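*Asks:* Residue numbers for the sequence shown follow my numbering, beginning at 3 and rising by one. Take a look at the following structure, please.
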Amino acid sequence: MGNRTPLAATLAANSISTAGTSLTLIGVPWFVLETTGSAGRAGVVAFCATLPIVVAALIGGPVIDRFGRRRTAIASDAVCAAAIAAIPLLHFAGVLDFWMLCALMALNGFAHTPGNTARYVLIPDLAEHAGTTLPRAASLFDAVSRGARMIGAALAGVLIAFVGAETVLLLDAATFGLSALLIAAGVRGVRAAEPRKAEAPVSLRAYGTELREGYVHVLGNRLLLAVVVMVMFMNGTDQGWNAVLLPVHAESELSGAPAIGLLTALFGAGGLAGALLYGAVGHRFSRRAVFTVCVILCGAPRFLVAAVTGTTLPLAVTMLLGGIAGGVLNPILTTVVYERVPDRLRSRVSGALTAGSEFAMPVGGLAAGLLVEGAGATGALLAMGGIYFLATLSPLVFPSWRTLDDVPGAEPVQKPVPQTEVPAPAPVSSSGPSRPTPGP
3 MGNRTPLAAT LAANSISTAG TSLTLIGVPW FVLETTGSAG RAGVVAFCAT
53 LPIVVAALIG GPVIDRFGRR RTAIASDAVC AAAIAAIPLL HFAGVLDFWM
103 LCALMALNGF AHTPGNTARY VLIPDLAEHA GTTLPRAASL FDAVSRGARM
153 IGAALAGVLI AFVGAETVLL LDAATFGLSA LLIAAGVRGV RAAEPRKAEA
203 PVSLRAYGTE LREGYVHVLG NRLLLAVVVM VMFMNGTDQG WNAVLLPVHA
253 ESELSGAPAI GLLTALFGAG GLAGALLYGA VGHRFSRRAV FTVCVILCGA
303 PRFLVAAVTG TTLPLAVTML LGGIAGGVLN PILTTVVYER VPDRLRSRVS
353 GALTAGSEFA MPVGGLAAGL LVEGAGATGA LLAMGGIYFL ATLSPLVFPS
403 WRTLDDVPGA EPVQKPVPQT EVPAPAPVSS SGPSRPTPGP
């Protein structure tokens with residue numbers, strides 16, 4: 003029996019941080035709409051919040067290895083806590099200008115990415131440390147994250163209605179602080195969490211070499227490249243949905259912030275159920291078949307339903323079912339990435355995967371705001387939903403997805419001896435974004 007404390011501490015820290023992020027995901031767009039009344043400005047804030055995420059992912063992989071995954075997670079949460087807390091505090095003081103809001107959200111995005119990546123790339127080592135299997139740990143990581151997102155979204159909707167978006171942001175800052183404390187206290191005695199001895203002296207040339215290794219690995223693996231391209235479009239349109247389209251739709255057609263909290267919580271509840279379901283029985287089915295069906299169902303339908311209806315119930319059902327389908331995706335993608343990336347390159351490749359997967363997010367939020375102001379909410383929903391649907395057809399079109407069921411390095415299964423069951427080979431533990439994460 004292994005030591006499960008570091009894995010449990012990381013799961014708890016990530017869950018608390020994710021719940022807090024859900025508060026910001028709903029609280030900031032609502033705060034912008036309340037204080038400015040402009041969907042375009044909400045899109046600008048979304049752009050400022052997500053562009054630094056891509057920048058941090060582009061350059062951050064080698065930094066995480068040299069600074070240490072544990073230290074990176076702690077420092078990341080501390081900076082995010084300060085940045086998020088500053089928004090309501092400056093607002094209460096009457097000195098918060100729009101550019102300050104954009105700058106603080108940019109700082110939060112830049113600091114948040116390394117911490118997410120650091121926690122994510124530790125999972126294979128923590129699973130081994132705990133004596134559990136990689137697919138089970140990957141499913142658990144995604145399930146608790148989705149559960150936390152569900153709770154955070156539900157709380158955000160209620161709290162915004164009763165105490166205001168400013169108080170919600172203060173609560174988010176507190177969750178970052180608690181996450182940092184959990185990692186500091188719970189993740190000890192794990193070699194993979196500590197700084198790695200530099201393979202070369204610190205220099206721009208050595209840093210560039212380490213950074214390039216991550217991108218070369220992704221570009222050299224057709225399946226990973228296909229995953230990144232598809233998820234890039236999905237995440238871009240998801241950002242438009244979360245930061246602009248859903249808040250605008252809820253404000254004009256539904257019951258405001260409580261409806262956003264309810265819908266996002268239902269998607270999270272479905273995601274939790276889907277992740278747990280896949281963790282329990284998913285290994286019995288073809289990854290490619292399950293993934294192809296679920297990716298088509300997980301996102302595009304909600305755009306269409308929101309565009310053609312003005313009531314909560316149809317969209318609520320769609321979000322719940324889409325969440326179940328979406329909950330299946332990340333355990334599959336996470337396991338595939340872990341299998342195809344060696345431990346030595348894990349942080350660098352994770353940075354490359356995050357940068358590629360989230361490359362369109364700044365444009366997605368900004369484009370959604372401009373589309374709403376130019377074509378109306380319905381036109382924007384249909385346009386972005388169409389992009390999402392086309393992206394999810396990728397597994398049906400590109401041959402590289404046929405290798406989704408392959409396990410690199412696994413021994414071929416021998417012909418079974420009569421009346422003897424031969425177990426399937428276990429997946430090879432290796433690694434990889436902040437993971438590709440489709441879905442709100």
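Every residue, glycine too, gets a C-beta built ideally from N, C-alpha and C. If you're wondering where the values come from, they're calculated on a predicted model, not measured in any experiment.
What residue does the alpha helix (DSSP H) around residue 127 start on, and which one ends it?
*Replies:* 100 to 132
*Asks:* In whole angstroms, what is the alpha-carbon distance linking residue 395 and residue 231?
*Replies:* 12 angstroms
*Asks:* Excluding the 5 residues preceding and the 5 following residue 437 in the sequence, name in chain order all residues of the same chain whose CB lies nearer than 6 angstroms to its CB.
*Replies:* A caution first: residue 437 carries a pLDDT of 42, below 50, which makes its placement in the model unreliable, though a value can still be read off. Only 122, 336 meet the Cβ criterion.
*Asks:* On the three-state DSSP scale, how would you describe residue 297?
*Replies:* Here DSSP, grouped into helix, strand and coil, assigns residue 297 to helix.
*Asks:* Among residues of its own chain, excluding the 5 on either side of residue 43, which ones have a beta-carbon nearer than 8 angstroms to its beta-carbon?
*Replies:* 34, 100, 371
*Asks:* Suppose the cutoff is 8 angstroms on Cβ atoms and the five residues either side in sequence are ignored; what does the same chain contact list for residue 321 look like?
*Replies:* 265, 266, 268, 269, 272, 304
*Asks:* If we call anything under 8 angstroms between Cβ atoms a contact, is residue 28 one with residue 162?
*Replies:* Yes, these two residues count as a Cβ contact at 8 angstroms.
*Asks:* Report yes or no: do three or more beta-carbon pairs, one from the region 325 to 341 and one from the region 8 to 27, lie closer than 8 angstroms?
*Replies:* no
*Asks:* Excluding sequence positions up to five away, which residues of its chain have a Cβ less than 6 angstroms from the Cβ of residue 239?
*Replies:* 366, 386, 389, 390
*Asks:* Below 8 angstroms between beta carbons: does that hold for residue 56 and residue 103?
*Replies:* no
*Asks:* With a cut-off of 8 angstroms, do at least 3 Cβ pairs link the region 86 to 93 to the region 166 to 178?
*Replies:* yes
*Asks:* Is residue 5 helix, strand or coil when you go by DSSP?
*Replies:* Coil.
*Asks:* With respect to the alpha helix (DSSP H) encompassing residue 406, which residues constitute its N-terminal and C-terminal limits?
*Replies:* For residue 406, no alpha helix (DSSP H) run applies, since DSSP gives it neither H nor E.
*Asks:* Which first and last residues belong to the alpha helix (DSSP H) in which residue 225 is found?
*Replies:* 224 to 242
*Asks:* Is the beta carbon of residue 21 closer than 8 angstroms to that of residue 154?
*Replies:* Cβ atoms of residue 154 and residue 21: closer than 8 angstroms.
*Asks:* By the three-class DSSP mapping on this structure, what secondary structure does residue 271 have?
*Replies:* helix
*Asks:* Where does residue 348 land, buried or exposed, given buried means 16+ other C-beta within 10 angstroms?
*Replies:* buried
*Asks:* Since residue 226 and residue 339 are thought to touch, with beta carbons under 8 angstroms apart, how far apart are those beta carbons, to the nearest angstrom?
*Replies:* 7 angstroms
*Asks:* Please determine, among 31, 6, 78, 10, the residue with the shortest C-alpha to C-alpha distance to residue 243.
*Replies:* 31
*Asks:* Below 6 angstroms CB to CB, which residues in the same chain sit around residue 146 once its five sequence neighbours on both sides are set aside?
*Replies:* 13, 17
*Asks:* Less than 8 angstroms between the C-beta atoms of residue 45 and residue 245, yes or no?
*Replies:* Contact: yes.
*Asks:* Let's see if you can read the secondary structure: which residues bound the alpha helix (DSSP H) around residue 345?
*Replies:* It is not in any alpha helix (DSSP H) - residue 345 carries neither H nor E in the DSSP assignment.
*Asks:* Relative to the alpha-carbon of residue 291, which residue among 404, 253, 361, 317 has its alpha-carbon at the smallest distance?
*Replies:* 404
*Asks:* Which residue marks the beginning of the alpha helix (DSSP H) containing residue 1, and which one marks its end?
*Replies:* The structure shown has nothing for residue 1, since the chain only spans 3 to 442.
*Asks:* With 16 other CB atoms within 10 Å as the buried threshold, where does residue 407 fall?
*Replies:* exposed
*Asks:* So what does DSSP say about residue 287, is it helix, strand or coil?
*Replies:* The three-state secondary structure of residue 287, taken from DSSP, is coil.
*Asks:* Beta-carbon within less than 8 angstroms of residue 419's beta-carbon, same chain only, minus the 5 sequence neighbours each way: which residues are those?
*Replies:* Note that residue 419 scores 39 on pLDDT, short of 50, meaning its location in the model is unreliable; the coordinates nonetheless yield the value given after this. Taken in chain order, the list of residues that qualify is empty.
*Asks:* Measure the alpha-carbon distance for residue 223 versus residue 351 and round it to whole angstroms.
*Replies:* Going by the C-alpha atoms only, they are around 11 angstroms apart.
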